Amino acid sequence: MNNMTIGQYIPGQSWLHKLDPRVKMLSLILLLVSIFLIPIQGSRIDLIILGSYFIGTMFLVVSSGIPLLKVLQGLRPILFLLMFTVLIQILLIQPTQRVPLSDTYTFYVSLTSITAIILWIVFYQVTKKWIKFKVLYFLLSVIVVFALQYALPFGSFFQYDVTLYEETVFRGLFIFFSIVIIIMLTSLLTFTTMTTDINDGLEGILFPLKWIKVPVDVLTMMVSLTLRYIPTLLIETDKIMKAQASRGVDFKEASLKDKITQVISLLIPVFVISFKRAEDLANAMEVRGYVIGQKRTKIDVLKIKTSDYLAFFGVISIVSFTIYLVFFS
Amino acid sequence: MGIQFKEVTFRYKGFKTEYQALEFINLEIASKGEIIGICGHTGSGKSTLVQHMNGLLQADQGTVSVFDIVLPSKKKVKLNTLRRRVGLVFQFPEYQLFEESILKDVMFGPKNLKMKQEDIERISKEALSSVGIDATLYDQSPFRISGGQMRRVAIAGVLAMQPDILILDEPTRGLDPVGQKDLMEMLYQIHQETQMTMLIISHDMDVLGQYATRMLVMKEGKKIFDGSKDALFSRDDFLDMNLDYPSSLKVLKHLHQEISIPFKMLYTIPEVIAYLKEFSHE
Amino acid sequence: MINVHNVTFSYNGQDEAIKNVSFSIKKGSFISIVGHNGSGKSTLAKLLVGLLKPSTGTIEIDGHTLNEDNLVDIRKKVGIVFQNPDNQFVGVTVRHDIAFGLENQQVSADEMEQKVEYYADLVGMKALLKKEPHQLSGGQKQRVAIASALAMEQDVIIFDEATSMLDPKGVKEIMTIIHKIHQTYHKTIIMITHDLRLAAYADHMLVMKDGTLIKEGQPKDIYQDDSVLSSTQLLLPFELELLKHATQLNMDSSIVEALWAYNLKK
Numbered sequence: 104m105n106n107m108t109i110g111q112y113i114p115g116q117s118w119l120h121k122l123d124p125r126v127k128m129l130s131l132i133l134l135l136v137s138i139f140l141i142p143i144q145g146s147r148i149d150l151i152i153l154g155s156y157f158i159g160t161m162f163l164v165v166s167s168g169i170p171l172l173k174v175l176q177g178l179r180p181i182l183f184l185l186m187f188t189v190l191i192q193i194l195l196i197q198p199t200q201r202v203p204l205s206d207t208y209t210f211y212v213s214l215t216s217i218t219a220i221i222l223w224i225v226f227y228q229v230t231k232k233w234i235k236f237k238v239l240y241f242l243l244s245v246i247v248v249f250a251l252q253y254a255l256p257f258g259s260f261f262q263y264d265v266t267l268y269e270e271t272v273f274r275g276l277f278i279f280f281s282i283v284i285i286i287m288l289t290s291l292l293t294f295t296t297m298t299t300d301i302n303d304g305l306e307g308i309l310f311p312l313k314w315i316k317v318p319v320d321v322l323t324m325m326v327s328l329t330l331r332y333i334p335t336l337l338i339e340t341d342k343i344m345k346a347q348a349s350r351g352v353d354f355k356e357a358s359l360k361d362k363i364t365q366v367i368s369l370l371i372p373v374f375v376i377s378f379k380r381a382e383d384l385a386n387a388m389e390v391r392g393y394v395i396g397q398k399r400t401k402i403d404v405l406k407i408k409t410s411d412y413l414a415f416f417g418v419i420s421i422v423s424f425t426i427y428l429v430f431f432s
Numbered sequence: 109m110g111i112q113f114k115e116v117t118f119r120y121k122g123f124k125t126e127y128q129a130l131e132f133i134n135l136e137i138a139s140k141g142e143i144i145g146i147c148g149h150t151g152s153g154k155s156t157l158v159q160h161m162n163g164l165l166q167a168d169q170g171t172v173s174v175f176d177i178v179l180p181s182k183k184k185v186k187l188n189t190l191r192r193r194v195g196l197v198f199q200f201p202e203y204q205l206f207e208e209s210i211l212k213d214v215m216f217g218p219k220n221l222k223m224k225q226e227d228i229e230r231i232s233k234e235a236l237s238s239v240g241i242d243a244t245l246y247d248q249s250p251f252r253i254s255g256g257q258m259r260r261v262a263i264a265g266v267l268a269m270q271p272d273i274l275i276l277d278e279p280t281r282g283l284d285p286v287g288q289k290d291l292m293e294m295l296y297q298i299h300q301e302t303q304m305t306m307l308i309i310s311h312d313m314d315v316l317g318q319y320a321t322r323m324l325v326m327k328e329g330k331k332i333f334d335g336s337k338d339a340l341f342s343r344d345d346f347l348d349m350n351l352d353y354p355s356s357l358k359v360l361k362h363l364h365q366e367i368s369i370p371f372k373m374l375y376t377i378p379e380v381i382a383y384l385k386e387f388s389h390e
Numbered sequence: 054m055i056n057v058h059n060v061t062f063s064y065n066g067q068d069e070a071i072k073n074v075s076f077s078i079k080k081g082s083f084i085s086i087v088g089h090n091g092s093g094k095s096t097l098a099k100l101l102v103g104l105l106k107p108s109t110g111t112i113e114i115d116g117h118t119l120n121e122d123n124l125v126d127i128r129k130k131v132g133i134v135f136q137n138p139d140n141q142f143v144g145v146t147v148r149h150d151i152a153f154g155l156e157n158q159q160v161s162a163d164e165m166e167q168k169v170e171y172y173a174d175l176v177g178m179k180a181l182l183k184k185e186p187h188q189l190s191g192g193q194k195q196r197v198a199i200a201s202a203l204a205m206e207q208d209v210i211i212f213d214e215a216t217s218m219l220d221p222k223g224v225k226e227i228m229t230i231i232h233k234i235h236q237t238y239h240k241t242i243i244m245i246t247h248d249l250r251l252a253a254y255a256d257h258m259l260v261m262k263d264g265t266l267i268k269e270g271q272p273k274d275i276y277q278d279d280s281v282l283s284s285t286q287l288l289l290p291f292e293l294e295l296l297k298h299a300t301q302l303n304m305d306s307s308i309v310e311a312l313w314a315y316n317l318k319k
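Here it is in structure tokens:
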């Protein structure tokens with residue numbers, strides 16, 4: 104635990120690492136907005152625009168020096184949902200223009216196919232711990248499930264036809280890739296920017312709010328203190344869990360009523376430690392001259408460089424061009 | 109019986125690092141009678157070692173036998189059966205207090221172990237009295253007493269589980285000198301009454317010198333010494349163990365160097381005074 | 054440098070925690086304040102840095118009477134290192150923490166960078182500037198706290214049980230640095246502790262009991278005064294206790310002298 108660092112920052116010397124965090128964050132927002140502006144109608148032009156964004160993102164990944172697999176890790180939690188959405192798009196939605204891309208295939212939900220699917224799912228669950236590329240294995244399984252429905256019509260009690268239509272396939276691919284791009288761009292931000300810089304960048308971007316009396320600097324200090332204490336709290340929580348386990352706390356063997364007490368036995372100590380900490384910290388900060396709302400300098404000063412101007416100009420151009428293509432042609 | 113370690117090896121797997129926390133530890137601890145001092149530099153594996161004794165951690169290689177239970181085990185083991193026999197008091201144990209009243213907090217352990225209802229309250233009260241907390245405080249909130257008292261309540265919480273072996277990780281850390289003395293005397297008295305084996309992890313060589321009957325020294329995950337106090341402090345390579353001598357031995361060494369009083373392994377004030385009297389013509 | 058006149062203080066609605074205490078501390082001296090838990094030593098520390106306001110009496114620092122209006126100025130003169138290494142570490146990294154006080158003083162970024170490096174080096178933490186607090190030992194965190202106080206260039210530094218939570222190695226690290234900043238940098242040191250071994254390093258000692266200052270003087274005089282120590286629940290370290298018994302039992306002068314020599318050579 105002692106060697107974990109806050110946030111997902113991976114050190115590096117790429118130009119992406121060196122960009123001003125404010126530029127990176129504003130660029131991310133602008134790029135995300137412009138991706139959302141591209142309509143999901145399934146026309147070829149829109150797919151080409153998206154394709155260009157994808158290539159651009161890949162270029163950024165390569166130049167950042169962050170391994171591709173790491174950037175794609177952000178997809179893991181939503182992979183299932185994504186696959187599901189894409190499949191619904193391709194298989195179930197009836198397009199307005201029926202331009203078939205493939206022949207019509209018949210899939211059977213039959214005794215044999217269901218038995219085979221169940222056997223496959225069991226096989227998948229048992230073998231998946233030995234497979235290294237879990238994501239690919241999952242995709243493979245999805246394909247197998249459908250292949251089985253195609254290949255085993257015996258004892259069928261329900262069948263459905265699937266034709267791949269140009270429009271739905273494009274839409275499916277579109278949704279898939281736009282989400283992949285969004286996740287990759289956001290991951291790139293967190294991998295190439297230190298958490299303290301993200302916090303400073305946020306303060307920089309939000310400073311106009313100060314004019315309407317929003318205490319941006321106090322909020323930033325709160326975020327900074329939270330970041331500082333997360334690892335410490337995790338270590339302390341671990342210690343308390345062990346101490347209570349030594350007093351017989353055993354989640355698996357406890358009744359519901361006991362479970363509640365056991366959870367309380369973890370929460371209360373953490374709260375007590377945190378309140379004491381808040382009091383001590385307030386004293387320490389006050390003695391070191393901290394006054395809420397008073398102007399302070401910072402040891403990390405964000406300076407805009409030429410590369411930042413260029414990068415931002417590039418982003419503005421891309422976004423403007425996208426808007427032009429989408430709305431005016 | 110008691111605790112046995114056979115070639116226990118354990119690798120600590122952290123977020124970004126891994127290191128060998130324990131290497132080929134062999135150890136036998138009887139369930140009655142001993143006060144064992146465990147010392148070594150910070151990070152030498154002392155805490156990791158004791159967490160294997162109540163099943164919080166399990167060895168990667170080798171086995172740990174705690175009374176009849178052997179870990180790691182292929183069968184499912186209810187770890188609470190271990191924890192009822194080996195009590196572990198962590199550093200700054202006052203942080204584990206949470207209940208509305210002192211008595212309720214001490215009853216938490218026995219309740220979790222599913223001890224008999226009729227016994228739980230009685231045993232908890234006995235535990236509280238053995239640590240010097242009297243009945244007027246039973247319904248008091250554990251957060252409204254002094255730090256030293258909180259620590260005693262926390263220790264009572266583990267004693268109420270009636271362990272055969274009690275492990276204490278730095279029990280005196282953070283207490284003032286009188287608090288330290290009182291706590292150690294209290295623990296010693298409990299030891300004398302119940303003959304419960306106690307393992308005490310400490311950096312305070314004076315405390316260990318005074319109370320321990322056996323010493324275990326850890327260094328970089330290995331057990332480098334297991335034996336008597338006298339044997340430990342006579343070793344030539346003692347200073348390589350990152351340890352300090354007890355104050356009594358330092359003074360006696362000085363007296364030997366300056367005025368040639370023969371050096372003798374003594375650990376308490378009364379012992380040293382009695383000894384020095386022999387050389388003093390009043 | 055510091056003058057405390059007839060100060061009394063009580064926490065809201067409770068008994069007096071400090072009862073009519075008066076003393077003076079000369080610039081550049083090393084003072085220890087000892088007493089049992091609850092004797093008022095930490096309350097006194099908080100009064101000296103203006104975290105608490107006396108109910109009656111005055112505190113004068115460098116000629117200025119401490120009051121609500123000049124707190125900012127007083128805090129430029131008096132710094133404090135508290136007991137819990139984790140609860141005073143504000144910054145996300147060592148570097149940010151040492152800079153915290155300077156940021157509050159609106160020092161420029163370049164000057165800050167220099168000062169942070171200089172003072173980190175002074176306490177031996179220069180190589181660890183980018184480390185986060187959970188990666189550091191207790192002793193290292195306290196060293197950072199000292200560097201923060203030094204960076205603010207305060208003349209007086211109070212150590213409120215700053216070593217109580219540390220292991221022996223950590224205690225040694227901190228005591229070495231305290232010595233250094235007293236001897237080399239001529240800071241006024243006020244060390245609050247219940248460890249009489251550490252308190253003996255001071256030139257002058259104040260003994261607190263139940264909110265009252267019951268004695269002040271040189272450590273070696275106080276340690277020989279039985280009436281004082283027995284009433285304060287403070288324990289003499291082994292070697293001093295031995296010396297006391299040997300003296301009381303009228304042991305051979307050679308033994309007593311050798312024990313004195315041992316005690317003084319620290």
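Protein chains in written order, with the working numbering: chain A, 104 to 432; chain B, 109 to 390; chain C, 54 to 319. Don't be surprised by glycine CBs; every beta carbon is placed ideally from N, CA and C. If you're wondering where the values come from, they're calculated on a predicted model, not measured in any experiment.
Pairs of beta-carbons, one from the stretch 128-148 of chain A and one from the stretch 408-422 of chain A, closer than 8 Å: are there three or more?
Enough Cβ pairs lie closer than 8 Å, so yes.
Could you list which residues in chain B have their beta carbon closer than 8 Å to that of residue 165 of chain C, in chain order?
Taking a Cβ-Cβ threshold of 8 Å, none of the residues of chain B is close to residue 165 of chain C; the smallest such distance is about 30 Å.
Can you tell which of C:167, C:154, C:180 and C:225 has the C-alpha that lies nearest to the C-alpha of residue 198 of chain C?
Of C:167, C:154, C:180 and C:225, the residue nearest in Cα terms is C:154.
Quick check: the Cα distance between residue 285 of chain C and residue 260 of chain C, rounded to an integer number of angstroms?
Cα-Cα distance, rounded: 8 Å.
Just to confirm the assignment, what range does the beta strand (DSSP E) spanning residue 278 of chain B have?
Where residue 278 of chain B is concerned, there is no enclosing beta strand (DSSP E), given that its DSSP letter is neither H nor E.
Below 9 Å on C-beta distance, what does residue 156 of chain B contact in chain C?
The CB of residue 156 of chain B never comes closer than 9 Å to any CB in chain C; the least such distance is about 16 Å.
Assess, as a yes-or-no matter, whether the stretch 400-418 of chain A is touched by the stretch 154-174 of chain C under the definition of 3 or more beta carbon pairs within less than 8 Å.
Cβ pair count under 8 Å is three or more, so yes.
Closer than 8 Å, CB to CB, is residue 381 of chain A near chain B or not?
No, residue 381 of chain A lies away from the interface with chain B (no Cβ there is under 8 Å from its Cβ).
C-beta neighbour in chain C for residue 387 of chain A, strict 8 Å
Taking 8 Å as the CB threshold, residue 387 of chain A lines the interface with chain C.
Minimum Cβ-Cβ distance from residue 158 of chain C to chain A less than 8 Å:
True, the Cβ-Cβ gap to chain A drops below 8 Å.
Does DSSP put residue 127 of chain B in a helix, a strand or coil?
Strand.
Chain C contact residues for residue 347 of chain B, given Cβ-Cβ distances below 7 Å:
Those do not exist, as residue 347 of chain B stays about 14 Å from chain C at its closest Cβ, beyond 7 Å.
Exposed or buried, which one is residue 154 of chain A when buried takes at least 16 other CB atoms within 10 Å?
Residue environment for residue 154 of chain A: exposed (fewer than 16 other C-beta atoms within 10 angstroms of its C-beta).
Any C-beta of chain B sitting closer than 8 Å to the C-beta of residue 153 of chain C?
With a threshold of 8 Å between beta carbons, residue 153 of chain C makes no contact with chain B.
Cα separation between residue 266 of chain C and residue 75 of chain C?
Straight across, the Cα-Cα distance linking residue 266 of chain C with residue 75 of chain C is about 8 Å.
Would you call residue 126 of chain C buried or exposed, if buried means 16 or more other Cβ atoms sit within 10 Å of its Cβ?
So residue 126 of chain C ends up on the exposed side.
Residue 209 of chain C CB to nearest heavy atom of the ligand FMN below 7 Å
As presented, the structure is devoid of all ligands, the ligand FMN included, so that no description of it is given.
Proximal residues of chain A, C-beta to C-beta of residue 188 of chain B below 8 Å
Within chain A, the residues near residue 188 of chain B are 351, 353 and 356.
Cα-Cα, which of C:196, C:191, C:190 and C:187 is closest to residue 179 of chain C?
The shortest C-alpha separation from residue 179 of chain C is found at C:196.
Please classify residue 270 of chain A: is it buried, with 16 or more other beta-carbons within 10 angstroms of its beta-carbon, or exposed?
Classification for residue 270 of chain A: buried.
Does residue 315 of chain C get closer than 8 Å to chain B when you measure Cβ to Cβ?
Yes, its Cβ sits closer than 8 Å to a Cβ of chain B.
Expected contact under 8 Å - CB spacing of residue 251 of chain A and residue 219 of chain A to nearest Å:
Contact annotation, residue 251 of chain A with residue 219 of chain A: C-beta distance approximately 5 Å; criterion of less than 8 Å satisfied.
Run down chain A in chain order and give the residues with a C-beta less than 8 Å from the C-beta of residue 204 of chain B.
Near residue 204 of chain B (Cβ distances below 8 Å), the residues of chain A are 343, 346, 347, 350, 368 and 372.
Straight-line CA distance for residue 309 of chain C to residue 244 of chain C?
Taking the straight line from one Cα to the other gives about 29 Å.
So, are the CB atoms of residue 313 of chain B and residue 192 of chain B less than 8 Å apart?
Between residue 313 of chain B and residue 192 of chain B, the C-beta spacing is not below 8 Å.
Please classify residue 413 of chain A: does DSSP put it in a helix, a strand, or coil?
Residue 413 of chain A falls in the helix class under three-state DSSP.
Mind checking whether residue 73 of chain C and residue 392 of chain A have CB atoms under 8 Å apart?
Taking C-beta atoms as the reference points, residue 73 of chain C and residue 392 of chain A fail to come closer than 8 Å.
Could you please give the first and the last residue of the uninterrupted beta strand (DSSP E) stretch that includes residue 88 of chain B?
It is not possible to answer for residue 88 of chain B, since the shown part of chain B is limited to 109 through 390.
Mind checking whether residue 347 of chain C and residue 77 of chain C have CB atoms under 8 Å apart?
Look at the range of chain C in this structure, 54 to 319, and you will see that residue 347 of chain C is not part of it.
Quick check: what's the CA-CA separation for residue 253 of chain B versus residue 293 of chain B?
Going from the Cα of residue 253 of chain B to the Cα of residue 293 of chain B covers about 21 Å.
Output the distance between the C-alpha atoms of residue 109 of chain B and residue 350 of chain A, rounded to the nearest integer angstrom.
Residue 109 of chain B and residue 350 of chain A have their C-alpha atoms spaced approximately 22 Å apart.
Tell me whether residue 246 of chain B sits in a helix, a strand or coil according to DSSP, three-state version.
The answer is coil: DSSP assigns residue 246 of chain B none of H, G, I, E or B.
Beta-carbon within less than 6 Å of residue 120 of chain B's beta-carbon, same chain only, minus the 5 sequence neighbours each way: which residues are those?
These residues qualify, in order along the chain: 127 and 129.
Which of helix, strand or coil DSSP assigns to residue 268 of chain C
Shown here, residue 268 of chain C sits in a strand according to DSSP, grouped into three states.
If you measure between the beta carbons of residue 143 of chain C and residue 328 of chain A, is that distance less than 8 Å?
Going by C-beta atoms, residue 143 of chain C is nearer than 8 Å to residue 328 of chain A.
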